[in-house]
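First comes the structure, then the notes that go with it.
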Amino acid sequence: MASSEPRQKLWIEIDGELVMSDYRVRLLELVGETGSLSEAASALGLSYRRAWGKVKEIEANLGRALVRSEVGGAGGGRTLLTPEAEELVIAYRRFQQRVEDDLEGAYEAELRDLLASP
Numbered sequence: 001m002a003s004s005e006p007r008q009k010l011w012i013e014i015d016g017e018l019v020m021s022d023y024r025v026r027l028l029e030l031v032g033e034t035g036s037l038s039e040a041a042s043a044l045g046l047s048y049r050r051a052w053g054k055v056k057e058i059e060a061n062l063g064r065a066l067v068r069s070e071v072g073g074a075g076g077g078r079t080l081l082t083p084e085a086e087e088l089v090i091a092y093r094r095f096q097q098r099v100e101d102d103l104e105g106a107y108e109a110e111l112r113d114l115l116a117s118p
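Under the working numbering, the sequence shown has 28 at position 28, and the numbering climbs by one with no breaks.
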């Protein structure tokens with residue numbers, strides 16, 4: 001018997017401008033984990049320039065800074081998330097989980113039996 005599962009893509013817009021999506025949040029998460037926009041970009045298969053542009057676009061659409069750079073010595077500098085960015089990432093992931101839970105419940109209630117093999 002074939003298995004069926006609901007799928008969804010989630011993003012947040014403000015005044016029609018894309019602010020948050022799984023992809024953009026993952027970029028921020030990787031910056032937070034690695035302390036490096038370059039490493040985060042590489043992990044997602046992006047150029048540094050494209051990743052930097054995405055971060056700046058999110059910041060412009062939100063109207064607030066999400067990353068800060070620290071100039072380093074021999075070990076080099078690093079890029080860190082602002083406390084507000086850390087909070088946004090955590091809140092987005094909680095929101096995403098709630099949507100997924102609601103989606104699964106609605107699917108179970110409305111469609112699973114109808115889509116089951118005869």
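Just so you know, even glycine gets a beta-carbon here, dropped at the ideal spot from N, CA and C.
I need the straight-line Cα distance from Ala51 to Asp113, nearest angstrom please.
43 Å
Taking 7 Å as the limit between beta carbons, can you name the residues of its chain near Leu115, skipping five residues before and five after?
Ser4
Whose C-beta lies closer than 8 Å to the C-beta of Glu70 among residues of the same chain, with five residues either side of it excluded?
Gly77, Arg78, Thr79 and Leu80
May I ask you to report which of helix, strand or coil DSSP gives Arg68?
strand
Residue interval of the beta strand (DSSP E) (run including Thr79):
Arg78 to Leu81
Distance, Lys56 Cα to Asp101 Cα:
31 Å
Please state if the CB of Tyr92 and the CB of Val25 are separated by a distance shorter than 7 Å.
yes
Whole-number beta carbon distance between Pro6 and Leu88, since they are thought to touch under 8 Å
Between Pro6 and Leu88 the Cβ distance is about 26 Å, and since that is not below 8 Å, they are no contact.
If you draw a straight line from the alpha carbon of Gly105 to that of Glu39, how long is it in whole angstroms?
37 Å
By DSSP, does Ser47 sit in helix, in strand, or in coil?
coil
Which one of Glu86, Arg49 and Leu46 has the shortest CA to CA distance from Arg64?
Glu86
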